Each structure stands twice: as C-alpha cells, then as structure tokens.
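Here is the structure we will look at.
Number of protein chains: 2
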Amino acid sequence: MIKQLQQQVEKAIADINWVQEPTGLYQPIDYVLSLGGKRIRPVLTLLACKLFSDDEKQALSTALAVEVFHNFTLLHDDVMDRADTRRGKPTVHKKWNDNTAILSGDAMLIKAYQLLQQAPADKLPVLLDLFSKTAIEVCEGQQYDVDFENDLAVQLPQYIEMIRLKTAVLLAAALKMGAIIGGASLQDANALYDYGINLGLAFQLRDDYLDSFGDPAVFGKKIGGDICCNKKTFLMITALQTASEEQRKELLQWIGCTDTTCHEQKIKAVLKIYQDLQIDTRCEEAIRAYFEKSVGSLKNVQLAENKKDILVKFANDLMGRNK
Amino acid sequence: MIKQLQQQVEKAIADINWVQEPTGLYQPIDYVLSLGGKRIRPVLTLLACKLFSDDEKQALSTALAVEVFHNFTLLHDDVMDRADTRRGKPTVHKKWNDNTAILSGDAMLIKAYQLLQQAPADKLPVLLDLFSKTAIEVCEGQQYDVDFENDLAVQLPQYIEMIRLKTAVLLAAALKMGAIIGGASLQDANALYDYGINLGLAFQLRDDYLDSFGDPAVFGKKIGGDICCNKKTFLMITALQTASEEQRKELLQWIGCTDTTCHEQKIKAVLKIYQDLQIDTRCEEAIRAYFEKSVGSLKNVQLAENKKDILVKFANDLMGRNK
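Respectively, the protein sequence lines represent chains S and V. Residues in the first sequence are numbered consecutively from 1, following this note's numbering. Residues in the second sequence are numbered consecutively from 1, following this note's numbering.
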C-alpha cells in the first residue's frame, strides 16, 4: 500500500506544471522536486488519512504542501551548509547560484501554503495552525543545529530537542494533518503525532549511527562525515560525556583539528574511541527505545489492528528492518 | 488620521515579544522590525478597513502580517543585492551573516502567515488566497529585476510589469485585505486594489526619478546609484529607446564601464544624455498619469467623498506633494 501511495505522490507532483514565467524562479523548483527521494512525509499524510477514511485523495494537496515545504528546507539548508550535492545531483545553489536558491526557496514556501489552502475548508484553520507551528519549529531546529556546531557543552537532552524540531515534528505533523483530514478524533490525531515524533527521533539517531557504523555500500554516503565536520551527534555527545580524561583530551584534540588532510586519521581515531566506549551499543539502545515508544503510541488509537499494523510495518521499513 | 494609524502599527509591533529561544533566530527579526520605516503597507490595511467599518482593530493582525512579509522581502533582497545598510543601519547579513539572514527571513515569512491566521475566520480563505498570490508575485518581480540586470533589450512594458509585481501588488493587496475585513463589496475592494497598483507604480517611478533628478539633501541617498549599477529603470529604458545613434553608443559605452573609479564621470555623462533627451519630463508625465489613474479608481467606490479624500491625500503625501 505504501508503494501505491508513493506513486500517487509522484504522479501528483508530475501532474503539476511547476515551470512558468519567470523560468529563472520556477525551473529550480521543478528541478529539486524531480530529484525524487522517498516522499516519506507526503506518504504519511495520505496513509494517515486513508486509515481513518476511505478517500485519501482529499489529503493530496496537503501531502504535497508538506513535501514542497520539506524540499524548501533542503534547498535553504544546502545553501547554509554549502552542500554540493543532494540525491547525487548538484544542489540548486551549485547548479544556479545562491540568490536563485534563496529566492526559489522562498517561492516554494509560499507554494506550500497555496497547496495547503486547497485542503477541505472546514479543516483549514486547524491545518494552518499546525503547519505554521511546525514550519517555525523546523527553523528553530536548524538554528539550534547551527548554534551547536561550535558548542562543546551540548548535552543529550538539548540534542534530542534539536532533532525533534529539525526532523521529527514535520513527520509528526504530516501524520496528524492526514489524520485530521481523514476525520480522526483529536486524541487519535495526537497519538499519531506522538508516533511520528518518536519515529522521527529514532530515524535521526539511526542516521547518526549509520554515519559512523554503517556499511558504506548500503549507507550511500562516505562513513565519518559527521566526525569530520565536528557534528554534535548523539555519538559525539555521549562519547564526550562518558570518556575518560585521556579519551576526552584526545577527542577534543581531534575536534580542534579541521585540516582536511588529517580527515582519514581523525575518523579512524574517533571511531576507535566510540568503539572503546561502546557508543554504538548505547546508540542502538536509544534507537530501540524511541522506536518502541513510537509504536507504543498506537496502542490506544481507535483503529483496527490490521490498520495499526500498516504503521508498525512502515516504522520497521523506515528503520531498515525489513530489508 | 494616518499618523494615528502609524502609531497603532508601531505600538502593535512593539507589543509583540519577538525574541524567544533560540535567540539567534529571533533577535534579527526584532532588529529589522525595530528599524522603523513609514509602515506604509500596514497603515493602508488599517485605513482601508476603517473606511468601511468603524473598527480598524480587526485588521491589525493582517496589517502586521503585511509588514512582517514586507520586511522579510527586504531581508532576503539585501542578501541578494549585497546591500550593506538599510535605513541607516547595517543589514542583517552584515550585522550577523548570510545564513542568519536566510533563516531568520524564512521564519519571518512563516510568522507573517501566523499573523494572517488571526484574521476574522469568515474572511480567512479569501485573505489567504490574496496574500499568497501577492507573495509569489513579489518573488516573481524580484526574479525579473535580477533577470533585467544584464538585459539591454528590456522594454518599458516589461519594466512596468516588473515593478508592478515587485512593488505595487503588495500595496494593492494591503489595501484590498483591509477593505475586505472592513466589509467592503468585492467591487469596492477591487477598486482600492487598482488605486494601490497605480499608486505603487507612480511611487516606484518617482523613486527612479529622484535617484537621478532628486535633491540629495531631501532624497537621503546619493544621486546616481541606479546609473552606477546599470539599473534598467524607466529613465534608462526610455533613454535607450529615444536616443540618437550617437547617444545610444555613448550610453552603451557607459553601461559597459563598471569600473568604480569612473562612477562620477559616468553619472555626469548619463545625466547629461537624460537631460538632452528630456527623460525627466517624460518620467514626470508617466508619474502624473499613473497618479491620476490611481486616484481615478476611487470614482466609483461606494464611500462618502470625505472618506475618499483621505485616500487622495494619502496618495499626495506619498508622492511628496504636500511637503
């Protein structure tokens, strides 16, 4: 069923004529939306709607609003992070320039609202409230991420709050909006929101984990990217907290070294410390805990078990457990 | 009355606690909103509402939405134009950095929608439609402005369309939204929109005019800024169109010269050609025509003449005619 919803999203995106005059503004939007991706968020909106109503199509414009918003954040984040590639293709600011990425991104954010405005009229105010609240939280998450870059004192709760804002709330809102459109009770919609938050946290921690301990062939990115750029991930924060004095000194030394020629050495040394401190196990435990919490949120939802199973399977798929 | 509405806007902006955590995101928003300015757009929203209803306060959140949106565009435009100062103070990307200007700008756009969501519920869908349509048009206008920078073939109708999108539609929408909230008929609201479009065009052409022919002491900026950076303004486009072969050659030569050391010479030479071609008179005529058209839109509006007079006086004030 997920695959079918994914195709529905792809078709809906392809059916919209994104490019109009001035093409300098709209071509980059078409480009970034056609780069693909798993369309996780819009699929969740459609899925949540379908679980409570037979007609998931009424949530289609809202699903697209979420996807366009998500791609807007990628576009602006890539400018801020000076990222060269996204999904194996040059980023918009690389293919065009910074100004294009800024302005086309702005237009995407507005387009997201225009799509949202097509939602069922009686649901519009509550959807708008949730969407804007979520959107501003994503900005806050991005700001914390930037703030943490040069902050060695970041603690785990702060980090979890950052990834909650930057990653989890949009997954959660995508689900809740779909549930609302599908006619779910507020209680059920909120339970799906909680499912999304904890799934989002588990998902982001898994991303942290794979960046250090993943199989490069499966992960698709080079191992150690986070280590190189001193990202304060779950792994690094936990390592700094649990390290012996000597290990801590060594970690700080490597963090201080930003010379690209020592990247290989730095990755190797930090990974060694992670392993000595069993950071991988700790991270796996945290992922498991958030995953369990996520699936646990479904317990009291007023849905047939076979419908809940779809959400459980989705969560397992997202965590790479059914491959 | 305008002054009183202006104070109402200032007070409403001051009453909102813009700064919360993370301060890195919100401090720049507070900064840019406290730089002042004439608050033309939110004043127009309140004024339009007050003309049709006694209670302009119901339009206050919408007025603020318009002002926050306007300041968002300034923030991102300043990054794109590499502008160092705004209202005599350093721009956000100068005081902080580009990433801050991008992200805080994004948050402002979302905040604008959050303010708009506080509008009277029965009016919300139509206000949202107009607001988003206007917002995307402003982006289109900015894109055309960028496109025209290196385009010598820009014609006057294209230029007018560009400034309509970049400047006029927001003034027009500010008025129309206020009128809608005040309970105006669609016909009257549209007449105010037309008043705003033509007033916006006249206002922008006056800005072009003053950049070349203004009194530097009154204008507040150095004369010739547009000439230096080869802006395709009404003046330059008309000059290129009406120039003799020899004058055209000279103009193109100066456009080709981007060396800052010859700025003074360039301004002097281009101004001389403008004067020889009586571009100042042509521009004054165009300003007068749009101004007359603007005020003419009020003819069929269902309002008492003394109320229409307020809009006529506002237009005259905006054009600097009552000083």
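Idealized CB from N, CA, C, for every residue including glycine. A quick note: this is a predicted structure, and the numbers were derived from the prediction, not measured.
Fill in: Same chain, Cβ closer than 7 Å to L201 (chain S), neighbours up to 5 away in sequence not counted
In the first sequence, counting from the first residue as 1, residue 201 (chain S) sits at position 201. Cβ neighbours of L201 (chain S) beyond the five flanking positions: I160, I163, R164, A168, Y290.
Worksheet item: Taking Cβ-Cβ distances shorter than 8 Å, what residues in chain V pair up with Y144 (chain S)?
Response: Locating residue 144 (chain S) in the first sequence gives position 144, counting from the first residue. Neighbours of Y144 (chain S) on chain V, chain order: P22.
Practice prompt. List the residues of chain V whose Cβ lies closer than 7 Å to the Cβ of Y113 (chain S), in chain order.
Written response: Walking along the first sequence from the start, residue 113 (chain S) turns up at place 113. Y113, S132, listed in chain order.
Item to complete: Mind the definition here: the segment 171–187 of chain V touches the segment 274–294 of chain V only if three or more C-beta pairs lie below 8 Å; say whether that holds.
Response: Contact fails: fewer than three Cβ-Cβ distances are below 8 Å.
Discussion item. So that I know if they touch, is there some Cβ in chain S lying closer than 7 Å to that of I102 (chain V)?
Written reply: Taking the second sequence and counting its residues from 1, one reaches residue 102 (chain V) at position 102. Chain S contact via Cβ: present.
Worksheet item: Can you list, in chain order, the residues of its chain whose CB lies under 7 Å from that of A112 (chain S), leaving out five sequence neighbours each side?
Response: Looking up residue 112 (chain S) in the first sequence gives position 112. A65, V68, F69, F72, listed in sequence order.
Worksheet item: How many angstroms separate the CA atom of I197 (chain V) from the CA atom of I13 (chain V)?
Response: Taking the second sequence and counting its residues from 1, one reaches residue 197 (chain V) at position 197. Taking the second sequence and counting its residues from 1, one reaches residue 13 (chain V) at position 13. Whole-angstrom Cα-Cα distance: 26 Å.
Worksheet item: Going along chain S, which residues have a C-beta under 8 Å from L109 (chain V)?
Response: On the second sequence, position 109 is the one that residue 109 (chain V) refers to. Within chain S, the residues near L109 (chain V) are D106, L109, I110.
Discussion item. Determine, for K323 (chain V), whether the minimum Cβ-Cβ distance to residues of chain S falls below 7 Å.
Written reply: Position 323 of the second sequence, counted from the start, is the residue given in the question as residue 323 (chain V). Here the model assigns K323 (chain V) a pLDDT of 43, short of 50, so the residue's position is not dependable and the matter cannot be decided.
Worksheet entry | Proximal residues of chain V, C-beta to C-beta of M80 (chain S) below 9 Å | By 1-based counting over the first sequence, the position of residue 80 (chain S) is 80. The answer, in chain order, is D98, N99, I102, L103.
Practice prompt. For P216 (chain S), go through chain V and note every residue whose CB falls closer than 9 Å to its CB, in chain order.
Written response: Residue 216 (chain S) sits at position 216 when you count from the first residue of the first sequence. None at all; the shortest Cβ gap to chain V is about 30 Å.
Discussion item. Does T85 (chain V) come out as helix, strand or coil in the three-state DSSP assignment?
Written reply: The residue you call residue 85 (chain V) lines up with position 85 of the second sequence. If DSSP states are grouped into helix, strand and coil, T85 (chain V) belongs with the strands.
Worksheet item: Near L199 (chain S), what residues of its chain come up, given a Cβ to Cβ distance below 6 Å and the 5 sequence neighbours on each side ignored?
Response: Taking the first residue of the first sequence as position 1, residue 199 (chain S) is located at position 199. These residues qualify, in order along the chain: S294, A315.
Worksheet entry | Coarse secondary structure for K323 (chain V), derived from DSSP in three states | Your numbering for residue 323 (chain V) matches position 323 in the second sequence. Its pLDDT being 43, under 50, K323 (chain V) is placed unreliably in this model, and the coordinates cannot settle the point.
Discussion item. Within a Cβ cutoff of 7 Å, which residues of the same chain sit near E140 (chain V), ignoring the five residues on either side of it in sequence?
Written reply: As a position in the second sequence, residue 140 (chain V) is number 140, starting the count at 1. Counting only Cβ-Cβ distances below 7 Å, and skipping sequence neighbours, we find L165.
Fill in: Backbone CA spacing between A304 (chain S) and V43 (chain S) [nearest angstrom]
Taking the first sequence and counting its residues from 1, one reaches residue 304 (chain S) at position 304. Taking the first sequence and counting its residues from 1, one reaches residue 43 (chain S) at position 43. Between A304 (chain S) and V43 (chain S), the C-alpha separation is close to 20 Å.
Worksheet item: Is the segment 115–132 of chain S touching the segment 98–118 of chain V in the sense that three or more CB pairs, one from each, lie closer than 8 Å?
Response: yes
Fill in: Residue of S:L109, S:G105, S:K11, S:Q155 minimising C-alpha distance to L240 (chain S)
Reading the first sequence from its first residue, position 240 is the one you call residue 240 (chain S). It is S:Q155 whose Cα lies nearest to the Cα of L240 (chain S).
Worksheet item: Given a threshold of 16 other Cβ atoms within 10 Å of its Cβ, counted over all protein chains shown, does E56 (chain S) qualify as buried or as exposed?
Response: Within the first sequence, numbered from 1, the residue matching residue 56 (chain S) stands at position 56. Answer is buried; the Cβ neighbour count reaches 16.
Worksheet item: What does P90 (chain S) pair with, by DSSP beta-bridge criteria?
Response: Locating residue 90 (chain S) in the first sequence gives position 90, counting from the first residue. P90 (chain S) pairs with S:T85.
Worksheet item: Which chain B residues sit within Cβ distance under 7 Å of E140 (chain S)?
Response: Within the model displayed, chain B is absent; protein chains S and V are what it includes.
Worksheet item: Within 7 Å (strictly less), CB to CB, does L199 (chain S) reach chain V?
Response: The residue labelled residue 199 (chain S) in the question sits at position 199 within the first sequence. Chain V, which has no Cβ nearer than 7 Å to the Cβ of L199 (chain S), makes this no.
Discussion item. List, from N- to C-terminal side, the alpha helix (DSSP H) runs of 4 residues or more that fit wholly inside the segment 11–50 of chain S.
Written reply: 23–33
Worksheet item: Taking just the CA atoms, how far does V301 (chain V) sit from R87 (chain V)?
Response: The residue given as residue 87 (chain V) occupies position 87 in the second sequence. The residue given as residue 301 (chain V) occupies position 301 in the second sequence. When rounded, the distance between both Cα atoms is 36 Å.
Worksheet entry | Proximity of K89 (chain S) and L33 (chain S) at Cβ, strictly below 7 Å | As a working mapping, residue 89 (chain S) is identified with position 89 in the first sequence. As a working mapping, residue 33 (chain S) is identified with position 33 in the first sequence. Contact flag unset, no.
Worksheet item: To which residues of the same chain is Y26 (chain S) closer than 8 Å at the C-beta, ignoring the five residues directly before and after it?
Response: Taking the first residue of the first sequence as 1, we reach residue 26 (chain S) at position 26. So the qualifying residues of the chain are W18, V19, Q20, S104, A107.
Fill in: Amino acids of chain S, ordered along the chain, whose beta-carbon sits closer than 8 Å to that of H76 (chain V)
Locating residue 76 (chain V) in the second sequence gives position 76, where the first residue counts as 1. Within chain S, the residues near H76 (chain V) are I102, L103, D106.
Item to complete: Determine, using beta carbons only, whether Y144 (chain S) and A172 (chain S) come nearer to each other than 7 Å.
Response: Numbered from its first residue, the first sequence carries residue 144 (chain S) at position 144. Numbered from its first residue, the first sequence carries residue 172 (chain S) at position 172. Cβ atoms of Y144 (chain S) and A172 (chain S): not closer than 7 Å.
Worksheet entry | Straight-line gap, G256 (chain V) to L152 (chain V) (C-alpha atoms, nearest Å) | What you label residue 256 (chain V) is simply residue 256 of the second sequence in a count that begins at 1. What you label residue 152 (chain V) is simply residue 152 of the second sequence in a count that begins at 1. Rounded to the nearest angstrom, the two C-alpha atoms are 11 Å apart.
Worksheet item: From A101 (chain V) to D54 (chain V), what does the alpha carbon distance come to, in whole angstroms?
Response: Along the second sequence, read from residue 1 onward, the residue named residue 101 (chain V) stands at position 101. Along the second sequence, read from residue 1 onward, the residue named residue 54 (chain V) stands at position 54. In this structure, the CA atom of A101 (chain V) is about 39 Å from the CA atom of D54 (chain V).
Item to complete: Decide if S244 (chain V) is buried, meaning its Cβ has at least 16 other Cβ atoms within 10 Å, or exposed.
Response: Reading the second sequence from its first residue, position 244 is the one you call residue 244 (chain V). Exposed, by the Cβ-count rule.
Item to complete: Report buried or exposed for K3 (chain V), applying the criterion of at least 16 other Cβ atoms within 10 angstroms of its Cβ.
Response: Position 3 of the second sequence holds residue 3 (chain V). With fewer than 16 other Cβ atoms within 10 Å, it is exposed.
Practice prompt. Return no unless some Cβ of chain S is closer than 7 Å to the Cβ of L152 (chain V).
Written response: Sequence index remark: in the second sequence, residue 152 (chain V) carries index 152 (1-based). Not one chain S Cβ lies under 7 Å of L152 (chain V).
Worksheet item: With a cut-off of 7 Å, does the C-beta of A135 (chain S) fall near any C-beta of chain V?
Response: The residue labelled residue 135 (chain S) in the question sits at position 135 within the first sequence. Judged by the 7 Å Cβ criterion, A135 (chain S) is in contact with chain V.
Fill in: Rounded separation between M177 (chain V) and L5 (chain V) - CA only
Taking the second sequence and counting its residues from 1, one reaches residue 177 (chain V) at position 177. Taking the second sequence and counting its residues from 1, one reaches residue 5 (chain V) at position 5. Roughly 16 Å separates the two Cα atoms.
Worksheet item: Around the C-beta of T262 (chain S), are 16 or more other C-beta atoms found within 10 angstroms, so that it is buried, or is it exposed?
Response: The sequence position of residue 262 (chain S) within the first sequence is 262, counting from 1. Here residue 262 (chain S) turns out to be Cys, not Thr, going by the sequence shown. By the 10 Å Cβ count, C262 (chain S) comes out exposed.
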